[in-house]
Every structure is written in structure tokens, then in C-alpha cells.
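Trainee: For the sequence shown, position 25 (counting from the first letter as 1) is numbered 25 according to UniProt numbering, and the numbering increases by one without interruption.
Here you go, one structure.
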Amino acid sequence: MATQGRTGVALTAALCAMCLLPVLATDAGIAAGLIRLHFHDCFVRGCDASVLLATNPGGGRTERVAPPNNPSLRGFEVIDAAKAALERSCPRTVSCADILAFAARESITLTGNVVYSVPAGRRDGSISREEDANNNLPPPTFTAQQLIDRFKNKTLTAEEMVLLSGAHTVGRSFCSSFVDRIWNGNTPIVDAGLSPSYAAQLRVLCPSNTSQATAPIDPGSPNVLDNNYYKLLPRGMGLFFSDNQLRVDGNLNVLVNRFAGNETLWKERFAAAMVKMGRIQVQTGNCGQVRLNCNVVNPTSSSVSLAGSVEEDGLVATS
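Structure representation (C-alpha cells):
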């Protein structure tokens with residue numbers, strides 16, 4: 001059995017960073033894309049890289065083409081480059097699911113100076129279905145209770161939901177995700193949860209209800225992972241209806257104010273929430289496979305193990 005020890009884990013992190021840096025230099029939004037890619041993977045069938053599959057062995061459409069993912073998901077080329085480099089250095093050892101987790105961590109480190117350990121040992125799944133993405137990913141139209149329930153279904157608490165929502169401090173969104181808050185057909189409107197001046201700014205970026213343009217989710221610091229997202233919510237500047245729900249719900253608003261006032265606290269707890277999210281329904285041991293190409297399932301499964309301290313869910317603690 002091939003073994004990925006601590007040297008292999010360090011190599012995984014280094015190669016993810018090496019593949020990310022050149023892209024980040026010309027496309028600052030790629031970091032947000034990779035964080036979101038990991039989230040969208042873990043919320044559908046667990047953290048098994050099913051979101052990366054371009055074809056489904058059983059037939060049918062994959063998660064990748066589901067409306068919550070297409071065309072907004074990005075960063076696939078960074079994952080592919082890291083996988084190719086790892087297959088050259090330590091073949092059949094590092095799963096695509098682990099690469100997603102490490103790429104998200106490197107993105108968080110590079111944009112927010114947040115350093116944390118990522119457990120390794122995830123294996124890749126072989127099923128990817130469009131309907132699973134549609135049924136599991138929380139849409140931007142969710143109410144507070146719907147958000148709480150959806151995250152609870154993924155073993156995450158209401159506080160962890162608020163923490164992970166803070167990732168909206170980086171990246172952009174297609175106008176279609178919030179256009180109903182600023183346009184009613186061709187008539188400009190202002191959603192009750194939006195500041196009128198912010199709504200006016202958004203209509204400039206999205207000049208019609210059919211615009212294919214994008215807007216920064218955090219207009220103040222869209223490429224920096226900070227706590228500005230929480231500072232914007234009380235000002236009526238949560239881009240999505242679901243963002244504003246964190247302010248509307250009294251219990252969630254307590255958390256919003258806490259993280260708005262203490263960036264260090266938010267970053268510490270955000271990192272912990274990312275690690276916990278990265279453990280959702282992981283496949284380890286003899287389950288799953290280590291894909292040779294992240295876009296397709298292997299013809300036959302390859303068996304590998306990791307050296308290190310094995311935790312209850314089968315992942316391996318790394319530094």
C-alpha cells in the first residue's frame with residue numbers, strides 16, 4: 001500500500017499553493033472560488049470530490065452542471081494542476097477530496113493570513129448527481145430557520161453557519177442570485193433588507209433583471225478575508241436575502257455583532273468550522289478511491305493509506 005506521510009502532506013499543501021499563486025496574481029477572485037468549491041463539495045454527498053466529476057458512470061447529469069454550481073463554480077483548473085503535479089511526485093496517493101480541502105486552506109491563508117491544520121485521508125467518491133446538488137446546497141433565498149436546519153442536517157451548528165457565511169467576505173456573485181431584491185421586471189425596487197443607496201449601487205452593476213454581470217459580495221474588501229462582511233449586515237449591505245437573515249434573526253444577530261467586533265475571534269472560529277465542515281461524510285479506509293484524474297472515476301479503485309494519527313472519522317491529523 002502506498003503511504004502519504006507528513007512529507008506527502010506538506011508536499012500537497014506546497015503544490016496547492018504553487019498552483020494557486022500564479023492564478024491569484026492575475027485573478028484575485030480565484031481564492032474565493034476554491035473556498036466555495038470545497039463548501040459545495042462537502043454539502044453534497046460529503047467531502048468526496050463528487051463536485052469535480054464531469055461524467056457520471058451511472059449516467060445522468062452531474063453536480064457540476066446543477067444550477068447552484070453552473071456557471072458560478074470556478075477553480076477547477078487549479079485543482080487539476082495540483083492533481084497532475086501530485087501524480088508526478090507521489091502517484092495514486094493524494095485524493096482529489098484532500099486537494100480541495102488543502103486548496104481551500106491555502107486560499108484562506110493567502111487572503112486572510114489564517115493558518116490552520118487540515119486533516120488528510122479523504123477518499124474520492126464515484127457518484128455525482130445534479131439533483132443531489134439541487135437538494136442539498138442552501139440557496140441565497142433561504143430564511144434564517146431554513147439555513148439553520150440545512151446546516152444542522154450537515155452536523156453544523158447555527159454558530160458554525162454564521163461563521164462559514166463569513167466566507168462571503170471574498171468573491172463575487174452573478175446578479176441573478178440577488179436581482180429580485182433590486183428589480184421587479186424592469187421596475188427598480190428596494191428590498192426591505194437593503195439600504196436604498198446600496199440597492200442603487202447594485203442596479204448600476206446589474207442594469208437589468210437579465211444582466212449576466214457580477215457584483216462583489218463585500219464591496220469594501222472583496223479580495224481580503226476579513227470580518228467586514230459582518231460589519232456590512234447592520235448597514236443593510238448583505239448582498240443576498242440569506243445574508244440579511246443573519247441580521248433579522250435575533251440569536252444570529254448576536255453572533256454577527258460579536259464577529260463584527262472581533263476579527264481575531266472570527267478567524268479562529270472560522271478556521272475550526274472549516275475543519276469540521278471538511279469532515280462531513282468523509283470516505284476513508286477501503287471506501288472510495290484515489291482518482292488519477294479528478295474529472296473521472298478510475299476504471300478500478302486504487303488503495304492507499306496515510307501515516308499519522310488516525311482520528312475517529314478515519315482522517316489523519318496533520319500539522
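Idealized CB from N, CA, C, for every residue including glycine.
Could you check if Glu-131 is buried or exposed, using at least 16 other CB atoms within 10 Å of its CB as the buried criterion?
Mentor: That one is exposed.
Trainee: How about Ser-173 and Ala-215: do their beta carbons lie closer than 8 Å?
Mentor: Yes.
Trainee: So, at 7 Å on beta carbons, what are the nonlocal neighbours of Leu-252 in its own chain, with the 5 sequence-adjacent residues on each side left out?
Mentor: If we look at Leu-252 and ignore the five residues flanking it on each side, its Cβ neighbours are Ala-144, Ala-158, Val-162, Leu-246.
Trainee: My assumption, with CB atoms under 8 Å, is that Gly-236 sits in contact with Gly-171. Please give the rounded CB distance.
Mentor: Contact doesn't hold; Cβ gap of about 20 Å is too wide.
Trainee: With a CB to CB cut of under 6 Å and the five nearest residues on each side skipped, what residues in its chain are close to Gly-238?
Mentor: The answer, listed in chain order, is Asn-244.
Trainee: In terms of residue numbering, what span does the beta strand (DSSP E) encompassing Ala-144 cover?
Mentor: Run containing Ala-144: none in the beta strand (DSSP E); it sits in the alpha helix (DSSP H), 144-153.
Trainee: Which ranges does the alpha helix (DSSP H) cover as unbroken runs of at least 4 residues, wholly within the stretch 213-293, from first to last along the chain?
Mentor: Whole alpha helix (DSSP H) segments, 4+ residues: 228-232, 241-248, 250-260, 263-277.
Trainee: Can you grab the Cα-Cα spacing for the pair residue 322 / Ser-177, in whole Å?
Mentor: The chain is shown only over 1 to 319; residue 322 falls outside these bounds and no answer can be derived.
Trainee: Check whether the stretch 76-96 and the stretch 14-27 touch, using three or more Cβ-Cβ pairs below 8 Å as the test.
Mentor: Yes: the two stretches touch, three or more of their Cβ pairs being nearer than 8 Å.
Trainee: How many whole angstroms separate the CB atoms of Gly-261 and Cys-47, which I take to be in contact at a CB cut-off of 8 Å?
Mentor: The Cβ separation is near 32 Å, so there is no contact.
Trainee: If I follow the unbroken beta strand (DSSP E) through Arg-61, where does it start and stop?
Mentor: No beta strand (DSSP E) contains Arg-61, which DSSP labels as neither H nor E.
Trainee: Taking the CB atoms as reference points, tell me whether Ala-271 and Glu-160 lie closer together than 8 Å.
Mentor: It is not a contact, given that the beta carbons lie outside the stated cut-off.
Trainee: Counting C-beta neighbours from all protein chains within 10 Å, is the total for Val-304 16 or more, i.e. buried, or is it exposed?
Mentor: Unreliable placement is indicated for Val-304, whose pLDDT of 48 sits below 50; no coordinate value is reported for it.
Trainee: Closest by CA to Lys-152, which one among Leu-292, Phe-43, Asn-293?
Mentor: Per the Cα distances, Phe-43.
Trainee: For Asp-249, I'd like the list of residues in its chain whose CB is within less than 6 Å of its CB, leaving aside the five on either flank, ordered along the chain.
Mentor: Around Asp-249: Ala-144.
Trainee: When DSSP labels each residue in this structure, what does Ser-195 get in the three-state scheme?
Mentor: Ser-195: coil per DSSP, three-state reduction.
Trainee: According to the neighbour-count rule (16 or more other Cβ atoms, all chains shown, within 10 Å of its Cβ), is Asp-98 buried or exposed?
Mentor: Counting Cβ neighbours within 10 Å, Asp-98 comes out buried, since at least 16 surround it.
Trainee: Where does Ser-173 fall in DSSP's three states?
Mentor: Strand.
Trainee: Would you grab the beta carbon distance between Ala-49 and Leu-100 for me? Rounded to a whole angstrom, and I think it's under 8 Å.
Mentor: About 6 Å separates the two Cβ atoms, so the contact holds.
Trainee: Helix, strand or coil for Asn-184, going by three-state DSSP, please let me know.
Mentor: In this structure, Asn-184 counts as strand in the three-state DSSP scheme.
Trainee: Just the C-alpha distance for residue 408 and Gly-33, rounded to the nearest angstrom, thanks.
Mentor: For the chain, the structure presents residues 1 to 319; residue 408 sits outside this window and is missing.
Trainee: Taking Ala-54 as the reference, give the member of Asn-298, Trp-266, Ala-25 with the closest Cα.
Mentor: The shortest C-alpha separation from Ala-54 is found at Asn-298.
Trainee: Would Ala-103 pass as a contact of Ala-82 if the rule is Cβ separation under 8 Å?
Mentor: Contact flag set, yes.
Trainee: Hey, how far is the Cα of Thr-62 from the Cα of Asn-209?
Mentor: Approximately 28 Å, taken between the alpha carbons.
Trainee: Taking the alpha helix (DSSP H) that Asn-134 falls in, what are its first and last residues?
Mentor: Where Asn-134 is concerned, the enclosing alpha helix (DSSP H) stretches over 130-136.
Trainee: When you compare the CB positions of Arg-88 and Cys-287, do they come within less than 8 Å of one another, or not?
Mentor: Cβ distance not < 8 Å, so Arg-88 and Cys-287 don't count as in contact.
Trainee: Measuring only the C-alpha atoms, how far is His-40 from Gly-314?
Mentor: Cα to Cα, the separation comes out at about 21 Å.
Trainee: I'd like the list of long-range same chain contacts for Ser-128, defined as Cβ closer than 6 Å, with 5 residues on each side in sequence excluded.
Mentor: Excluding residues within five positions, the ones whose Cβ falls inside 6 Å are Ser-50, Leu-53, Asn-56, Thr-62, Glu-63.
Trainee: Since Cys-206 and Ile-182 are thought to touch, with beta carbons under 8 Å apart, how far apart are those beta carbons, to the nearest angstrom?
Mentor: Correct: roughly 7 Å between the Cβ atoms.
Trainee: On the criterion of 16 or more Cβ atoms from any shown chain inside 10 Å, does Leu-233 qualify as buried, or is it exposed?
Mentor: Leu-233 is buried by the Cβ-count criterion.
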